[in-house]
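S.K.: Going by the working numbering, the first residue of the sequence shown is number 83, and it counts up by one from there.
Note that beta-carbon positions come from the ideal geometry of N, C-alpha and C, so glycine has one too.
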Amino acid sequence: MGLRNRHADLTTRAFIGHLRRHPLPGLMDDECVAALANIEAQFGDRRSHGAGMEVRLGDERRFVDYILKFDVKDIPLMNSEGIEIDYEQFVGGGPIGACRFARVKRDKSGDYRVFLDGTMPRYAGPERARALRPALVKLTKAMAPEASIRLVGVMDVRGADAGLRLVLDYPDFDAIAANLPALGWTGDTAALRAAFAPWAEAGFTFGLALDVSPEGIGEKIGLETYWQGNSPVYVETIIDRLLNAGLCLPSKAAELRRWIRLLPEPDPFLHTRFTYFKLNYRDGRIYEAKAYLETSSMVHHFDFPAYDRPLRLDLVLSDESGNRLSPSDATALIGDCVAERVTGLRLYGGEDWPDLLRLLAVCREKNRRTEVVLQKRVDRDWLRRVLEAGAGAFLVEAGDDTAEITLATLGGLGAGRGTENGPCLTARWRMHAGNAEELPALTARLNDLGVNELLITGMIPGTGAALQPPTRAQMKEAASFIWNWRFNEEEAGGIVIEIESCFAVMLSMICCGDPEKAPIPGFFDRGCEGGRSFLAIHPGGTISPCRYLPGEQAASFAEYWKHAGTIKAHRQNTGHRPACATCPCARRCTPCPAAPEQVERCTVNA
Ligand code: SF4
Ligand code: SF4
């Protein structure tokens, strides 16, 4: 995906390296850290999209089980699996066995035939699938309509050769408690409700982990609180509750708090987060809590004041007034990017900048990723040369015929979804009250053109600043269209629809829908990213958090990133219209500070 870096698979070695750079002595002693070398020896070169640790929060011993995520191919309803390597497996050296957990996609047929007859034999083995089939048929028939299978686990290395671990998603705790007897659970539901009352009341959402054997489900169950994020507000709430319940040692709580505060690294992009906490229950009580920590290569949250360096520079090579960045300054900036480990450059105004091809070649040589923004009409030959020079991605300002001609031309030249590993094609579309209803038709056209991503923006300065933002009703309608698209066409390989962080109000709408509710934690990334994940360099060499804000002189962009008062003030992102102060979305929305008149017209909290 362009420069948004959502799925940058790295080698297992890169994830282990991150852990070595940021040791957690309260969770992993020296022996455990040293033993990671055994995992590296066996899996170091394999590409993974995340690595994690299972931490036993109430156990004094300082070791973890290690989790790696790999792609899965050719198994119905599955595209990735996690392997969980128990400490006992990797501490001794030698061949390493692992438990395997794969995520199950929702079956669009609405029943479990594909899961039972397609997924199970391929993933768990034909014999096990056959032996478990009666129990699984019974279980899936008894599942509440709102429940779904999320994860399947095969744990042979723990001696569970015939069984299966399942994790079922439910909307809330009550739905789990109500459904458990029908699933065949023989435990005391009243005792379960009493044990989980403090957690259920707090409004946490839960998944249900259970073990299935040919005889049915076991009495031991686990409840997992899901979200993928790093919001200290949310994480701290859970840590405090675990401490109060005696389920977490203070030494481990301190390490968890430290973990969520590590700043993300840019090159390779890595950041820390939690995937979930798990409460294990048996014999009338919660007897154990575990935390699942992750080092991830996906950019998907912005709970930090800023990244430790910018992820991206927006280079304005030429502007509307005819100012141009000097080629020598541009080349020097590429060198600075290498020195400062900045991975990506988004290039604006390249249509009128004569040295674009050479700059792209330098970027390619220095292994910096580039995205060329196209705002003007350009001919096919120019696009071909830009592609050949190494442009890694294109961002085309969509909304008129010129843009769609450009996108079609680029598709014909090998960019977009039509070519495996071709440069990514993103169409950015500004939504407003006058065009909101065009979204479905636009999506269909861009999808047909083979565009990878439709990036919806709005409430930003620049052309069309006088346009009316979409109404709340329009945004709700668009949100419902986008959700529907994501779960159907996008899953089937169609164009991906994303909301640009600048369009924070739409993000708020899509993540909470109801303005009375706060957005789902970890789900709504964040509004304005200027000065937090990227900054802009203007034609005169001046720097600002975003290209819409005036530039200022600085010794270097690294200096500016770390020390400039302007960027620090911008990150605070205060001073919006009064309605924002009472808006439930305000903490994450952080609307565009460069377009206050647009924010003024926001209807989410009206
Ligand atoms: S009222 Fe303010 S904080 Fe709330 S969604 Fe609108 S712009 Fe964002
Ligand atoms: S100031 Fe922030 S929200 Fe506004 S256009 Fe720039 S990056 Fe987007």
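What runs of the alpha helix (DSSP H), each 4 residues or longer, lie entirely inside the stretch 104-181?
M.R.: 112-125, 169-173
S.K.: In whole angstroms, what is the alpha-carbon distance linking Ser-378 and Ile-149?
M.R.: Residue numbering aside, residue 378 sits at position 296 when the sequence shown is read from its first letter. Residue numbering aside, residue 149 sits at position 67 when the sequence shown is read from its first letter. Computed Cα separation, rounded: 12 Å.
S.K.: Where Ala-480 and Leu-495 are concerned, what is the direct C-alpha to C-alpha distance, given to the nearest angstrom?
M.R.: In the sequence shown, counting from the first residue as 1, residue 480 sits at position 398. In the sequence shown, counting from the first residue as 1, residue 495 sits at position 413. Answer to the nearest angstrom: the Cα atoms are 19 Å apart.
S.K.: Identify every residue that forms a DSSP beta bridge with Leu-305.
M.R.: Translated into positions along the sequence shown, residue 305 becomes position 223. Answer is Leu-290, Leu-361, bridged to Leu-305.
S.K.: Check whether the Cβ atoms of Gln-690 and Thr-648 lie closer than 7 Å to each other.
M.R.: As displayed, the chain neither begins before 83 nor continues past 688, which places residue 690 out of reach and without an answer.
S.K.: Which of the three DSSP states is assigned to Phe-605 in this structure?
M.R.: The residue given as residue 605 occupies position 523 in the sequence shown. Here Phe-605 scores only 49 on pLDDT, less than 50, and its place in the model is too uncertain to base an answer on.
S.K.: Beta carbon of Val-137: closer than 6 Å to some heavy atom of ligand 1?
M.R.: Taking the sequence shown and counting its residues from 1, the one referred to as residue 137 is at position 55. Not under cutoff, so the answer is no.
S.K.: Could you pull the DSSP bridge partners for Leu-352 from this structure?
M.R.: Reading the sequence shown from its first residue, position 270 is the one you call residue 352. Answer is Glu-347, bridged to Leu-352.
S.K.: Using the rule of at least 16 other Cβ atoms within 10 Å of the residue's Cβ for burial, across every protein chain shown, is Ser-615 buried or exposed?
M.R.: The sequence position of residue 615 within the sequence shown is 533, counting from 1. Its Cβ being crowded by 16 or more others within 10 Å, Ser-615 is buried.
S.K.: Counting C-beta neighbours from all protein chains within 10 Å, is the total for Val-533 16 or more, i.e. buried, or is it exposed?
M.R.: Along the sequence shown, one-based indexing puts residue 533 at 451. That one is buried.
S.K.: How about Tyr-430: is its Cβ closer than 6 Å to a heavy atom in ligand 2?
M.R.: Position 348 of the sequence shown, counted from the start, is the residue given in the question as residue 430. Flag unset: Cβ of Tyr-430 not near ligand 2.
S.K.: Using only the heavy atoms of ligand 2, determine whether one of them is closer than 6 Å to the beta carbon of Tyr-194.
M.R.: In the sequence shown, residue 194 corresponds to position 112, counting from 1. No; taking the cut-off as 6 Å, the Cβ of Tyr-194 has no heavy atom of ligand 2 nearer than that.
S.K.: Leaving out the 5 sequence neighbours to the left and right, which residues in its chain are closer than 7 Å to Pro-105 when beta-carbon positions are compared?
M.R.: What you label residue 105 is simply residue 23 of the sequence shown in a count that begins at 1. Same-chain partners within the cutoff: Val-115.
S.K.: Who does Cys-506 pair with in a DSSP beta bridge?
M.R.: Within the sequence shown, residue 506 is the residue found at index 424, counting from 1. In DSSP, Cys-506 forms a bridge with Ala-475.
S.K.: Under a criterion of Cβ closer than 6 Å to any non-hydrogen atom of ligand 1, which residues qualify, in chain order?
M.R.: Listed by chain position, these are Ala-586, Val-587, Ser-590, His-658, Ala-661, Cys-662, Cys-665, Cys-667, Ala-668, Cys-671, Pro-673, Val-681, Cys-684, Val-686, Asn-687.
S.K.: In terms of residues, what are the limits of the beta strand (DSSP E) holding Glu-370?
M.R.: Residue 370 sits at position 288 when you count from the first residue of the sequence shown. Here the beta strand (DSSP E) through Glu-370 covers 367-378.
S.K.: Thinking C-beta only, is Tyr-374 closer than 7 Å to Glu-136?
M.R.: Start at 1 with the first residue of the sequence shown, and residue 136 comes out as number 54. Start at 1 with the first residue of the sequence shown, and residue 374 comes out as number 292. For Glu-136 and Tyr-374, yes; Cβs fall inside 7 Å.
S.K.: So Phe-616 is in the beta strand (DSSP E); what residue range does that whole segment cover?
M.R.: On the sequence shown, residue 616 is found 534 positions in, with the first residue counted as 1. From DSSP, the beta strand (DSSP E) with Phe-616 extends over 616-619.
S.K.: Given 6 Å as the limit, tell me if Gly-612 has its C-beta closer than that to any heavy atom belonging to ligand 2.
M.R.: Here residue 612 refers to the residue found at position 530 of the sequence shown. Within the cutoff, so yes.
S.K.: Please name the residue, chosen from Ala-273, Gly-404, Thr-307, that lies closest to Ala-291 on a Cα-to-Cα basis.
M.R.: In the sequence shown, counting from the first residue as 1, residue 291 sits at position 209. Measuring from the Cα of Ala-291, the nearest candidate turns out to be Thr-307.
S.K.: Does the stretch 492-507 touch the stretch 470-480, meaning 3 or more C-beta pairs lie closer than 8 Å?
M.R.: yes
S.K.: Nearest-angstrom Cα distance between Pro-387 and Ala-663?
M.R.: Position 305 of the sequence shown, counting from 1, holds the residue named residue 387. Position 581 of the sequence shown, counting from 1, holds the residue named residue 663. Going from the Cα of Pro-387 to the Cα of Ala-663 covers about 20 Å.
S.K.: What do you reckon, are the CB atoms on Tyr-184 and Met-160 nearer than 7 Å?
M.R.: The residue given as residue 184 occupies position 102 in the sequence shown. The residue given as residue 160 occupies position 78 in the sequence shown. It is worth fixing the name first, because residue 184 is Ala in this sequence and not Tyr. Closer than 7 Å, so yes.
S.K.: Enumerate in chain order the residues of its own chain whose CB-to-CB distance from Pro-263 is below 8 Å, with the five nearest sequence positions on each side excluded.
M.R.: Along the sequence shown, one-based indexing puts residue 263 at 181. Only Thr-271 meet the Cβ criterion.
S.K.: Going by DSSP, what residues sit across from Arg-428 in a beta bridge?
M.R.: Within the sequence shown, residue 428 is the residue found at index 346, counting from 1. The partner list for Arg-428 (beta bridge, DSSP) reads Asp-396, Glu-453.
S.K.: Indicate the three-state DSSP secondary structure (helix, strand or coil) for Phe-183 in the structure shown.
M.R.: The residue you call residue 183 lines up with position 101 of the sequence shown. In this structure, Phe-183 counts as strand in the three-state DSSP scheme.
S.K.: With 16 as the cutoff for other CB atoms within 10 Å, does Val-315 come out buried or exposed?
M.R.: As a first step, residue 315 must be located in the sequence shown, where it is residue number 233. That one is exposed.
S.K.: Using CA coordinates, which residue listed in His-353, Arg-554, Tyr-252, Val-317 is at the minimum distance from Ile-231?
M.R.: Your numbering for residue 231 matches position 149 in the sequence shown. Looking at the Cα atoms, Tyr-252 is the closest of the given residues.
S.K.: Any contact between the stretch 121-138 and the stretch 162-174? By contact I mean 3 or more CB pairs, one from each, below 8 Å.
M.R.: yes
S.K.: Can you give the beta carbon distance from Trp-435 to Leu-399, rounded, assuming they're within the 8 Å contact cut?
M.R.: Your numbering for residue 435 matches position 353 in the sequence shown. Your numbering for residue 399 matches position 317 in the sequence shown. Confirmed, about 4 Å.
S.K.: Quick one: give me the first and last residue of the beta strand (DSSP E) that Thr-484 is part of.
M.R.: Residue mapping note: residue 484 aligns to position 402 of the sequence shown, counting from 1. No beta strand (DSSP E) contains Thr-484, which is instead part of the alpha helix (DSSP H) from 483-494.
S.K.: Alpha helix (DSSP H) containing Arg-554: first to last residue?
M.R.: As a working mapping, residue 554 is identified with position 472 in the sequence shown. Its alpha helix (DSSP H) spans residues 554-567.
S.K.: Given 8 Å as the limit, is there contact between the stretch 582-591 and the stretch 670-685, that is, 3 or more CB pairs closer than that?
M.R.: Flag = yes, the stretch 582-591 and the stretch 670-685 touch.
S.K.: Rounded C-beta distance between Glu-337 and Gly-108? I'm assuming under 8 Å.
M.R.: On the sequence shown, position 255 is the one that residue 337 refers to. On the sequence shown, position 26 is the one that residue 108 refers to. With a Cβ gap of about 4 Å, Glu-337 and Gly-108 count as contacting.
S.K.: Just to confirm the assignment, what range does the alpha helix (DSSP H) spanning Gly-235 have?
M.R.: Residue 235 sits at position 153 when you count from the first residue of the sequence shown. Element bounds for Gly-235: not the alpha helix (DSSP H) but the beta strand (DSSP E), 230-236.
S.K.: The beta strand (DSSP E) with Arg-717 in it runs from where to where?
M.R.: Lying before the first or after the last residue shown, residue 717 is absent from the chain, which here runs from 83 to 688.
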